[in-house]
Amino acid sequence: MKDACQRYAEDPEANAGHLRECTNCREIYGQLDASIDSQPVRVDALPLAPWEGAGYRSWPLVIGGALALLAITLGLCALAGISLPAAIRAGAQLNWRALLDMAGGAVRPLGPIGFAVLFVVVNTLLVVLLRRAPRGIDA
Amino acid sequence: MRKGVVLALSLAATVVTALIAAPPFGGSITFSQAASMMTRTAVSVSLLFVWIITAIVVTLMSGREIRYSSIELRTSPLHCFALGLVAVTSFVLTAILFSDLIPFLVGIPLLVALSVFAVLTKVFGTIAVFHAFGTIVAGTRSREQMSRRRWLRGDLAMVVIGVLLLGAIRLIPVVGPIVWGIASVFGVGTALATKFGRREPWFLVWRPADV
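So the protein sequences, as listed, match chains H and L. Just so you know, the first sequence maps onto residues 4 to 142 in my numbering. Just so you know, the second sequence maps onto residues 19 to 229 in my numbering.
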């Protein structure tokens, strides 16, 4: 940038004659003064956002799906000769004590120090992974 | 393309089911074996019914949180899976530690708190997995497609589609429980990664107060 160009940039009104002499400045300031050609945003051209239409509640599908599953469940329960609550109870039963004993038996060979080291390592790794901010909608 | 993939997957699942569940050639199953198989299927489908009711209720109560978790799962699946694996291991190790504290009385409330947290994480995360699976299979890709659809849109529909599809896969012997288990790991991971869909940090950064 020449000195004259610098002086015009600093005080355009006092150095108005510079624009007639300098082609570069005339082009640059001509572009800056030109009106911006704005175009309307075409919404259909934009990608579909995850929240668009997400609040829609499709009751026929939901009720139909649940009722169909209920009908299949009742039919299978009738064929198996058990009631629906009994089937749910049987499926939800979990022997926590036995599972804990099994897991405890699996880590017993490590000994107390090995278990403590494993505990600290796994939980440190968990904390490190939890510190990462979710990407999700920003990705 | 997607319809072709879904059709191929359905056919493959049917073949695997037929191969695994069918009695061996030349042999026959006894009446008690058939009854036991029927009871197992009835129990599995009953649990699936409980899942669909739970999923509908949770999605109606906190649809946005489920959607955010589902988006996170689809955006960073590897992170969610790694976090899920580490979290499940941490739950097990912590439960072993707490079970050793049972003689000191403090172990029981700690174990109860841990199990409640683990169950809540698994339920929330699995519903997010249902949403993600439903969106991958049946989600809309454009506004035009969305406006053409009358039923198959919205969070609730995606969750229901996901429950029905993953539930059908769950019924396949051998393969089903493995897929369900992997889905649970993904679910635990995405529930913890997004702090149950709230997208808040788990740990605050310490900074001295400006005087």
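Where is the CB? At the ideal position from N, CA and C, for every residue including glycine. Quantities reported herein were computed from a predicted structural model and do not represent experimental measurements.
(request) Mind reading off the beta-carbon distance from residue 157 (chain L) to residue 176 (chain L)? Whole number of angstroms is fine, and I expect it under 8 angstroms. (result) 6 angstroms
(message) Using only the alpha-carbon positions, how far apart do residue 185 (chain L) and residue 69 (chain L) sit?
(response) 9 angstroms
(request) Give the DSSP-derived three-state secondary structure of residue 151 (chain L) in the structure shown. (result) helix
(request) Take every Cβ of the stretch 81 to 95 of chain H, pair it with every Cβ of the stretch 57 to 64 of chain L, and state whether three or more of those distances are shorter than 8 angstroms. (result) yes
(message) Please identify the residue among L:209, L:225, L:26 and L:65 whose C-alpha is closest to the C-alpha of residue 101 (chain L).
(response) L:209
(message) Please tell me whether residue 68 (chain H) has its Cβ less than 8 angstroms away from any Cβ of chain L.
(response) yes
(request) Check whether the Cβ of residue 217 (chain L) lies closer than 8 angstroms to any Cβ atom in chain H. (result) yes
(request) Kindly indicate the opening and closing residues of the alpha helix (DSSP H) around residue 173 (chain L). (result) 173 to 188
(request) Just confirm the distance between the C-beta atoms of residue 211 (chain L) and residue 90 (chain L), as a whole number of angstroms; I'd bet it's less than 8 angstroms. (result) 6 angstroms
(request) Can you give me the Cβ contacts of residue 142 (chain H) inside the same chain, cut-off strictly under 7 angstroms, excluding the 5 residues immediately before and after it? (result) Summary for residue 142 (chain H): the model assigns pLDDT 47, below 50, so the residue's position carries little reliability, and this model does not support an answer.
(request) Tell whether a beta-carbon distance below 8 angstroms holds between residue 174 (chain L) and residue 71 (chain L). (result) no
(request) Name, please, each residue of chain H whose Cβ falls closer than 8 angstroms to the Cβ of residue 228 (chain L). (result) Residues of chain H passing the Cβ test: none, with the nearest at roughly 24 angstroms.
(message) Does the CB of residue 133 (chain H) have a neighbour CB from chain L at under 8 angstroms?
(response) yes
(message) So residue 58 (chain H) contacts chain L; which residues on that side make the cut at Cβ distance below 8 angstroms?
(response) 81, 172 and 173
(message) Once DSSP output is grouped into helix, strand and coil, what is the label at residue 126 (chain H)?
(response) helix
(message) Just checking: is the beta-carbon of residue 72 (chain L) within a distance shorter than 8 angstroms of some beta-carbon in chain H?
(response) no
(message) Excluding the 5 residues flanking residue 46 (chain H) on each side, which residues of the same chain have their C-beta closer than 6 angstroms to its C-beta?
(response) none
(request) Have a look at residue 52 (chain L) and residue 30 (chain L) and give me their C-alpha separation to the nearest angstrom. (result) 24 angstroms
(request) Anything in the stretch 95 to 111 of chain H with a Cβ closer than 8 angstroms to a Cβ of chain L? List those residues in chain order, please. (result) 95, 99, 103, 106, 107 and 110
(message) Using a Cβ-Cβ distance cut-off of 8 angstroms, determine whether residue 142 (chain H) contacts chain L.
(response) Annotation note: pLDDT 47 at residue 142 (chain H) (below 50); position unreliable, no value reported.
(request) At 8 angstroms on the CB atoms, spell out the chain H contacts of residue 169 (chain L), in chain order. (result) 61, 63 and 64
(request) List the residues of chain H that residue 161 (chain L) touches, going by C-beta distances under 8 angstroms, in chain order. (result) 46, 47, 51 and 55
(message) Please classify residue 127 (chain H) as buried or exposed, where buried requires at least 16 other C-beta atoms within 10 Å of its C-beta.
(response) exposed
(request) Hey, could you find the ends of the alpha helix (DSSP H) residue 70 (chain H) is sitting in? (result) 62 to 83
(message) Can you check whether the C-beta of residue 200 (chain L) is within less than 8 angstroms of a C-beta belonging to chain H?
(response) no
(request) Name, please, each residue of chain H whose Cβ falls closer than 7 angstroms to the Cβ of residue 48 (chain L). (result) By Cβ distance, chain H contributes nothing, its closest Cβ being about 16 angstroms from residue 48 (chain L), past 7 angstroms.
(request) Give the interface partners of residue 190 (chain L) over in chain H, defined as CB-CB distance under 9 angstroms, in chain order. (result) Here the premise fails: no neighbours, minimum Cβ distance about 16 angstroms.
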